[in-house]
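Some notes on the structure that comes next.
In structure tokens, the structure reads:
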């Protein structure tokens, strides 16, 4: 299956938090979108691997993505080396996305910056003919995404561009709340973390509202880029 957009996250819920509204909108616009989680988030204070897998599946169904896979890398301990790069290259060549979305370039959680660089490097290497990969025993053709964008997570990184997600923030929040083990729950007796507070849950929408305010819309999500963003004419900007 060829995808238009492939979103990578170091952990289940990274994609929903960072670009869930964009994904929901692009799917409504007819694009085929997939999600690849690098790890199961098994080192998280709350939940288990099995619970988070179930939550990830529920969130994927809400967003309507075409595929969701997990690369079974070690939460907290994956590195940017040849083995890990090749695992991602296999996915890029398998799904041949035009656009790749990946973790924030720098963030509170060490896996976010690591995942960002790992995926970005793999996107480049995936386009090299002399980098060979096999999937189910079959040699893969080279493929390099046209664009790599980094969504924004915990840290308030200044975006290079924003996407209007007005009308899609509610679906984004619904997908996020599928991860009931991870976020605010007044009935939970599990340990508190940075992301379990009511403040954090509310911040998802008020950040989107603020970015929307800056472009004259209700909600928006921000991204950083690795190279110049090109437009055909000034009229392409809103």
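In the working numbering, the protein residues as written are 3 to 240.
Built from N, CA and C at the ideal position, the CB exists for glycine as well.
Since the model is a prediction, treat every value here as computed from it, not as a measurement.
First through last residue of the beta strand (DSSP E) which encompasses residue 164 | Along the chain shown, one-based indexing puts residue 164 at 162. Segment 163–166, the beta strand (DSSP E) holding residue 164.
Using the Cα positions of residue 85 and residue 120, report the straight-line distance between them to the nearest angstrom.
-> Counting from one through the chain shown, the residue named residue 85 turns up at place 83. Counting from one through the chain shown, the residue named residue 120 turns up at place 118. Whole-angstrom Cα-Cα distance: 11 Å.
My guess is that residue 101 and residue 147 are in contact by the Cβ rule of under 8 Å, so how many angstroms apart are they, rounded?
-> For the purposes of this step, residue 101 is taken as the residue at position 99 of the chain shown. For the purposes of this step, residue 147 is taken as the residue at position 145 of the chain shown. About 6 Å; that satisfies the 8 Å criterion.
Just to check, is the beta-carbon of residue 49 closer than 7 Å to a non-hydrogen atom of the ligand NAP?
-> Among the ligands in the structure shown, none appear at all, so the ligand NAP cannot be discussed.
Can you round the beta-carbon distance between residue 213 and residue 185 to whole angstroms, since I take them to be within the 8 Å contact cut?
-> Indexing the chain shown from 1 puts residue 213 at position 211. Indexing the chain shown from 1 puts residue 185 at position 183. Actually they do not touch by this definition, with Cβ atoms about 20 Å apart.
Among residues of its own chain, excluding the 5 on either side of residue 11, which ones have a beta-carbon nearer than 6 Å to its beta-carbon?
-> Counting from one through the chain shown, the residue named residue 11 turns up at place 9. If we look at residue 11 and ignore the five residues flanking it on each side, its Cβ neighbours are 17 and 39.
Secondary structure of residue 57, DSSP reduced to three states = Within the chain shown, numbered from 1, the residue matching residue 57 stands at position 55. Reduced to three states, the DSSP call for residue 57 is helix.
Does the count of Cβ pairs from the stretch 187–202 and the stretch 133–145 closer than 8 Å reach three?
-> no
Between the C-alpha atoms of residue 154 and residue 32, what's the straight-line distance to the nearest angstrom?
-> To locate residue 154, count along the chain shown from 1; it is residue 152. To locate residue 32, count along the chain shown from 1; it is residue 30. Spanning the two alpha carbons is a distance of roughly 24 Å.
Nearest CA to the CA of residue 81: which residue from 131, 115, 106 and 133?
-> Against the chain shown, residue 81 aligns to sequence position 79. Closest option to residue 81, Cα to Cα, is 115.
Is DSSP giving residue 103 helix, strand or coil here?
-> As a position in the chain shown, residue 103 is number 101, starting the count at 1. Three-state DSSP puts residue 103 in a strand.
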